[in-house]
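Everything on this sheet refers to the single structure shown next.
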Amino acid sequence: MKRIESVSLIGLGAIGAAYGSKLHELLKDSFRVVANEERVNRYQSHGVKVNGKVYHFNCVPADAKVEPADLVIFSVKNADLSQAMKDIQHHIGSDTIILSLLNGISSEEEIYSVFKSEHILHSMSVEIDAVRKGDDTRFSTLGRVEFGDQHNVRSEDVLAVRDLFERAGIDYVISDNILHTMWWKFMINVSINQTSAVLNAPYGVFQTLPSAYDWAKSVMREVVALSQKTGANLTEADIDRFWPVLNHLSPEGKTSMLQDIEAGRKTEVDYFGGTVCKLGEKYDVPTPINEQLTKIIHIIEEKAACTNKGVPAQSV
Ligand SMILES: NC(=O)C1=CN([C@@H]2O[C@H](COP(=O)(O)OP(=O)(O)OC[C@H]3O[C@@H](n4cnc5c(N)ncnc54)[C@H](OP(=O)(O)O)[C@@H]3O)[C@@H](O)[C@H]2O)C=CC1
Ligand SMILES: CC(C)(CO)C(=O)C(=O)O
9 MKRIESVSLI GLGAIGAAYG SKLHELLKDS FRVVANEERV NRYQSHGVKV
59 NGKVYHFNCV PADAKVEPAD LVIFSVKNAD LSQAMKDIQH HIGSDTIILS
109 LLNGISSEEE IYSVFKSEHI LHSMSVEIDA VRKGDDTRFS TLGRVEFGDQ
159 HNVRSEDVLA VRDLFERAGI DYVISDNILH TMWWKFMINV SINQTSAVLN
209 APYGVFQTLP SAYDWAKSVM REVVALSQKT GANLTEADID RFWPVLNHLS
259 PEGKTSMLQD IEAGRKTEVD YFGGTVCKLG EKYDVPTPIN EQLTKIIHII
309 EEKAACTNKG VPAQSV
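Just so we're aligned, residue 9 is where the sequence shown starts under our numbering, counting upward by one.
Following this line, the structure appears as C-alpha cells:
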C-alpha cells in the first residue's frame, strides 16, 4: 500500500489550520504549509493559534523548488483556487494524491483542468465548526472528512488517505457514492451558509427557531429538485439527515460565509446560490429563493467593498 509520509497544504484558514494541527502533530516538518512571502512571514513571526495552542508550521514559500509531496491539500476559498494552484505546483508530482476541502461542486474539476492528474480524490468536510479570527482558529468539533474516488472504487489512493487519517486521528468516511455525497454537502452550504449570512445567525438560531430552520429547508428543496436532473438524486430524507449534524455544532459557531460577511471579505456566493441559479436555468428548474439570496449577498458584499475602500455606500 502507498504510505503518505509528506503532506503540503495551501490555505491556512479555519479549515486548513484545524486539520493542519493534526497533520503537524503526526508528521512534524514533513507537513508543509505553502504560502507567499507575506503570509509566510506572518505565520513565522506569530505562529498560528488553534484552540489556544500556538503552532509553528513548516512554512514553504510558494516559489521554492521542493520535492513533490505524497499528498497535497487545498483549503483556500474558491475564488483563491486559481492562484493557489500556481503557488503549490512544485509540490505536485506525477504520483501526488490531491484532496480539495473546498465547499461547492467545482473545485476538483478546476484542479483537474490544470494538473490533469488521475490522483484527485473528491472530498468534503462535514460537522466541523471551525471559526477563525485573523490567525486564531477555534473549533468544538473537527467533524469528519468524507472522501472517495470519482468512480466510487477503493483505489490505492483512497486507502492511502484512509491510512493517513487513521494515523493522524482525523475522522473520515469513505463515500460509496461521491456524487451524492458532494451534492449533499452542496445542498447544506447553499442553505445554511446563505441563510446564516443574511440573518446574521450563528448555528444556535437554526437549532432553536423553527421558522429559521424551515426557511433553510426551503432553500435545500431547490437543490433537491435540481439534483434530480444532475443524477445526484437527493431526496427529502437527505434534508432530514442534516438536523442531527446541525445539532452537534456549537450554538455560537458560524458558517464560513457568515465569517466572511463579518470580516468584510468576498463570500463564496457565486459557488453556492450562483451555481444553483445557473443550473436552474440550464435544467429549467425554478430557483427563486436562491435568486434572491444571491442578490442580497452580492449587495452585502458591495457595501463591504465600499466600507473597505472608505467610500460611503450612498456615494457610489
Ligand atoms: N470554516 C468552515 O467551517 C468550513 C469551511 N469549508 C470550506 O473550506 C474552504 C476554506 O474555508 P475557510 O477555512 O473557512 O476559509 P478561510 O478564509 O478561513 O481560510 C482560507 C485561507 O486561505 C489563505 N489563502 C488564500 N489564498 C492563498 C494562497 N494563494 N496561498 C496561501 N494561502 C492562501 C487565506 O489567507 P489570508 O487570510 O492571508 O488571505 C486564508 O487563511 C472554503 O471553500 C469553505 O467553504 C468547509 C467546511 C467547513
Ligand atoms: C457545513 C458548514 C456550515 C460547517 O461545517 C460549512 O461547510 C461551512 O461553514 O462552510
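Beta carbons are placed, not taken as given, at the ideal position from N, Cα and C, and that holds for glycine. In this text, all values refer to a predicted model and were calculated from it rather than measured experimentally.
So is the beta-carbon of Ser121 under 6 Å away from any non-hydrogen atom of ligand 2? no
Going by Cα to Cα distance, which pick from Asn59, Arg11, Ser53 and Leu35 is closest to Ala22? Asn59
Own chain residues within Cβ distance below 7 Å of Val324, not counting five before or after: Note that Val324 scores 48 on pLDDT, short of 50, meaning its location in the model is unreliable; the coordinates nonetheless yield the value given after this. Excluding sequence neighbours, Val324 sits near Cys314.
Would you grab the beta carbon distance between Ser226 and Thr263 for me? Rounded to a whole angstrom, and I think it's under 8 Å. At roughly 17 Å, the Cβ-Cβ gap does not stay under 8 Å, so Ser226 and Thr263 are not in contact.
Is the separation between the beta-carbon of Asn111 and that of Asn197 shorter than 7 Å? yes
Using a Cβ-Cβ cutoff of less than 6 Å, which residues in the same chain neighbour Leu31 once the five nearest sequence positions on both sides are dropped? Val15, Phe39 and Ala176
Enumerate in chain order the residues of its own chain whose CB-to-CB distance from Val166 is below 8 Å, with the five nearest sequence positions on each side excluded. Leu129, Phe155, Gly156, Asp157 and Ile182
Just verifying my parser: in three-state terms, what is the DSSP assignment at Val249? A quick correction: the sequence has Arg, not Val, at residue 249. The answer is coil: DSSP assigns Arg249 none of H, G, I, E or B.
Quick check on Gly318: buried or exposed, where buried means 16 or more other Cβ atoms within 10 Å of its Cβ? exposed
Let me check understanding here. Comparing Cα to Cα, which of Ile305, His99, Val231 and His159 lies closest to Asn208? Ile305
Between Pro69, Asp78 and Asp103, which lies nearest to Lys94 when the distance is taken from Cα to Cα? Pro69
Per-residue DSSP class, three states only, for Leu210: The sequence shown places Pro at residue 210, rather than the Leu named in the question. In this structure, Pro210 counts as coil in the three-state DSSP scheme.
Using 8 Å as the threshold, is the stretch 261 to 278 in touch with the stretch 223 to 237, meaning 3 or more CB pairs across them? no
Report yes if the CB atom of Ala87 is closer than 7 Å to the CB atom of Thr104, and no otherwise. no
Sub-7 Å separation of Leu107 and Ile81 beta-carbons: yes
Inter-residue Cα distance where the pair is Val284 and Val277: 10 Å
Name, in chain order, the residues that DSSP records as bridge partners for Asn66. Arg40
Run the proximity test for Asn86: is its beta-carbon closer than 6 Å to any non-hydrogen atom belonging to ligand 2? no
What residues are listed by DSSP as bridge partners for Val134? Arg152
Looking at the structure shown, is Gly128 part of a helix, part of a strand, or coil, going by DSSP? Contrary to the premise, residue 128 reads as Ile rather than Gly in this sequence. Ile128: strand per DSSP, three-state reduction.
Buried/exposed call for Arg11, threshold 16 Cβ in 10 Å: exposed
Per DSSP, the bridge partner or partners of Val181: Glu154
I'd like to confirm something about Asn255: is its beta-carbon nearer than 6 Å to some heavy atom of ligand 2, or not? no
So Lys141 is in the beta strand (DSSP E); what residue range does that whole segment cover? Val139 to Lys141
Here's the rule I'm using: 16 or more other beta-carbon atoms within 10 Å means buried, otherwise exposed. How should His99 be labelled? buried
Helix, strand or coil: how does DSSP classify Ser16 here? strand
What does Arg146 pair with, by DSSP beta-bridge criteria? Val139
In whole angstroms, give me the CA-to-CA distance for Asp222 and Val213. 12 Å
Which of helix, strand or coil does DSSP assign to Ile96? coil
Which residue from Lys237, Ala240, Asn201 and Ala224 puts its Cα closest to that of Asp248? Ala224
DSSP three-state call for Phe280: helix, strand or coil? coil
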